[in-house]
Amino acid sequence: MKILILGSGGRESAFAWKLNKELPKENIFIAPGNAGTLQYGTNVNLNLSNFEEIGKFCIENNIDTLLPGGEDTLVGGIRNFFENHQMLKNIYVFGPDERGAMLEGSKDFSKNFMTKYNIPTAKYKSFVKGEEQSAFNFLETLNPPYVIKADGLAAGKGVIICQSLEDARDTVNEMLLQNMFGKASNKIVIEEFLNGIEVSFFAISDGSDYILLPEAKDYKKIGENDTGPNTGGMGAVSPVLFADENFKQKVIKNIINPTFNGLKNENIDYVGFVFFGLIKVGENPFVIEYNCRMGDPETEVVLPRLKNSLSEIISFSKHKKLNEISPEFVKDFCSTVMLVSKGYPGNYEKGKKIEISNTFESIVFHAGTINEGNYILTNGGRVLAVSSFGSSLSEALDKSYKSIEKINFEGINFRRDIGQDLIKLEVQHGNY
Ligand code: AMP
Ligand code: GLY
Numbered sequence: 000m001k002i003l004i005l006g007s008g009g010r011e012s013a014f015a016w017k018l019n020k021e022l023p024k025e026n027i028f029i030a031p032g033n034a035g036t037l038q039y040g041t042n043v044n045l046n047l048s049n050f051e052e053i054g055k056f057c058i059e060n061n062i063d064t065l066l067p068g069g070e071d072t073l074v075g076g077i078r079n080f081f082e083n084h085q086m087l088k089n090i091y092v093f094g095p096d097e098r099g100a101m102l103e104g105s106k107d108f109s110k111n112f113m114t115k116y117n118i119p120t121a122k123y124k125s126f127v128k129g130e131e132q133s134a135f136n137f138l139e140t141l142n143p144p145y146v147i148k149a150d151g152l153a154a155g156k157g158v159i160i161c162q163s164l165e166d167a168r169d170t171v172n173e174m175l176l177q178n179m180f181g182k183a184s185n186k187i188v189i190e191e192f193l194n195g196i197e198v199s200f201f202a203i204s205d206g207s208d209y210i211l212l213p214e215a216k217d218y219k220k221i222g223e224n225d226t227g228p229n230t231g232g233m234g235a236v237s238p239v240l241f242a243d244e245n246f247k248q249k250v251i252k253n254i255i256n257p258t259f260n261g262l263k264n265e266n267i268d269y270v271g272f273v274f275f276g277l278i279k280v281g282e283n284p285f286v287i288e289y290n291c292r293m294g295d296p297e298t299e300v301v302l303p304r305l306k307n308s309l310s311e312i313i314s315f316s317k318h319k320k321l322n323e324i325s326p327e328f329v330k331d332f333c334s335t336v337m338l339v340s341k342g343y344p345g346n347y348e349k350g351k352k353i354e355i356s357n358t359f360e361s362i363v364f365h366a367g368t369i370n371e372g373n374y375i376l377t378n379g380g381r382v383l384a385v386s387s388f389g390s391s392l393s394e395a396l397d398k399s400y401k402s403i404e405k406i407n408f409e410g411i412n413f414r415r416d417i418g419q420d421l422i423k424l425e426v427q428h429g430n431y
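Just so you know, the sequence shown maps onto residues 0 to 431 in numbering that gives the first Met the number 0.
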């Protein structure tokens, strides 16, 4: 296998790290990658919105497998582009086509899909420009808080939760009439607020069968105790003990199986990852959102726990033989803590020198980093993900935080409470 990974975050670092345990460095390319991915393969400076350029690189370098990390290229139809191109159609794109990627690319599509296939999700209605009054009327049928979502991709920022009806109405106007999220908010979804605790499930599909990966929980808010604005994710842990066997069986029966059956029924040949963003309300799982890719930083705790070879999973998927794979996971807990730049998720500075020493108890996945001469500099909001194993969640987290003491850059920021909610929950249940 000669593989090109698209992206430059912690998720793509984790893919390259895992693949490099199985494949020689010469067979792994990352576009554009970061300072860390250089350990596992070759970084290539490609413009990810230029599919011609990506295709040309694949042909010239005999790439046989493409692994898009993020949603933009998938929603933009990179698989269709490769499949419809005479010179590229034999390259295996490990991701859904444009229709499959709509699970993430359009909230309206995914909500319709869930309704059609009886998959539990919050009650909702969609509205377009000109339907503001109907949107206000629908808001009045709901109890606060109000959840208003841009239909299209908005870099993880397209969900606004409003406490008052007045704020909710203003948000409707801002999205529909004032292009709050550009084209992405030409259509909006308003939905009922679900009160519960979130957990994410991940599956890999070859279009016929699927395998499950370990579940994870991420921490989206910038501030401790889940305060402040949303980020891409400030940390993650896996496994999540409240997602016990009974809950998992409900997730499989009520959500995962109907999702894959629905995709087949819609004639969508879904290949690659499905990320099920779930919320446990009482004892029951509901879907908050689908993503057509792995999560970041969830990948940094899920992949270290996967014992199987990822390249083998991808190869078996190519031959539609995923049913022959028995996924096996490390039993230990894995935690990751994101180190971010000062100011993130707002404006932040780049180019700060990163010092790292003695972090051998952890795996340090690079995200926003770049090499300059002999230095590694910050080059993004999320800079490094520090992942560690432990026989308990606290032990895993202790190791991540100990390693963080050995890392520094100007303005370094991170959450000190990753996993603490789950530890408290386990103490309450007497499992600690
Ligand atoms: P999304 O981008 O759809 O995952 O939404 C971002 C975040 O908003 C989720 O992780 C939830 O914390 C929250 N959220 C979205 N939809 C709902 C809902 N119906 N009820 C409660 N919280 C929600
Ligand atoms: N960590 C959330 C996401 O990847 O969407």
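Cβ atoms here follow ideal geometry from the backbone N, Cα and C, with glycine treated the same way.
Residues bridged to residue i (per DSSP)
i: D205; result: V270
i: V336; result: G234 and V385
i: S199; result: A215 and G276
i: T358; result: The partner list for T358 (beta bridge, DSSP) is empty, contrary to what the question assumes.
i: P284; result: K279
Between the CA atoms of residue j and residue i - distance to the nearest angstrom
i: N60; j: N83; result: 20 Å
i: S386; j: G418; result: 13 Å
i: V127; j: F192; result: 21 Å
i: I411; j: L141; result: 41 Å
i: G40; j: A13; result: 12 Å
i: S393; j: D243; result: 19 Å
i: M86; j: I58; result: 7 Å
i: D416; j: I355; result: 22 Å
i: E25; j: E70; result: 26 Å
i: N253; j: N370; result: 47 Å
i: L433; j: I422; result: The requested residue 433 is not part of the displayed model; the chain covers only 0 to 431.
i: T72; j: I4; result: 12 Å
i: A154; j: G342; result: 17 Å
i: G350; j: G372; result: 12 Å
i: N245; j: D420; result: 21 Å
i: Q162; j: D63; result: 50 Å
Close Cβ partners of residue i (< 7 Å) along its chain, the five nearest in sequence each way excluded
i: V270; result: F93, G94, P95, S204, D205, G206 and S316
i: Y374; result: K352
i: N194; result: V280
i: N42; result: I29, P31, G32 and T36
i: L424; result: F241
Spatial neighbours of residue i in its chain, beta-carbon cut-off 6 Å, leaving aside the 5 residues before and after
i: L262; result: Y269
i: Y116; result: P257 and G261
i: E21; result: S308 and S310
i: N33; result: S7, H365 and T368
i: F50; result: I77 and F80
i: L432; result: The structure shown does not extend to residue 432, since the chain is modelled only from 0 through 431, so no value can be given for it.
CB of residue i within 9 Å of CB of residue j, strictly
i: F81; j: G54; result: yes
i: K279; j: N357; result: no
i: I313; j: T120; result: no
i: T377; j: E348; result: yes
i: G222; j: R414; result: yes
i: G75; j: E97; result: yes
i: P228; j: R304; result: no
i: L66; j: I2; result: yes
i: K211; j: P284; result: Note on identity: in this sequence residue 211 is Leu, with Lys being the wrong assignment. Contact flag unset, no.
i: T226; j: K219; result: no
i: E299; j: K247; result: no
i: S133; j: K122; result: no
i: F408; j: V426; result: no
i: G380; j: T170; result: no
8 Å Cβ shell around residue i - same chain, five flanking residues per side excluded
i: F180; result: A149, G151, A153, K156, G157 and M174
Quick check: the region 145-156 against the region 173-182, are there 3 or more CB pairs under 8 Å? yes
Quick one: any contact between the region 276-294 and the region 304-314, if contact means 3 or more CB pairs under 8 Å? no
At least 3 beta-carbon pairs within less than 8 Å: the region 398-407 vs the region 359-370: yes
Are at least three pairs of beta-carbons, each pair with one atom in the region 230-237 and one in the region 325-337, less than 8 Å apart? yes
With three or more C-beta pairs closer than 8 Å as the rule, is the region 130-144 touching the region 179-193? yes
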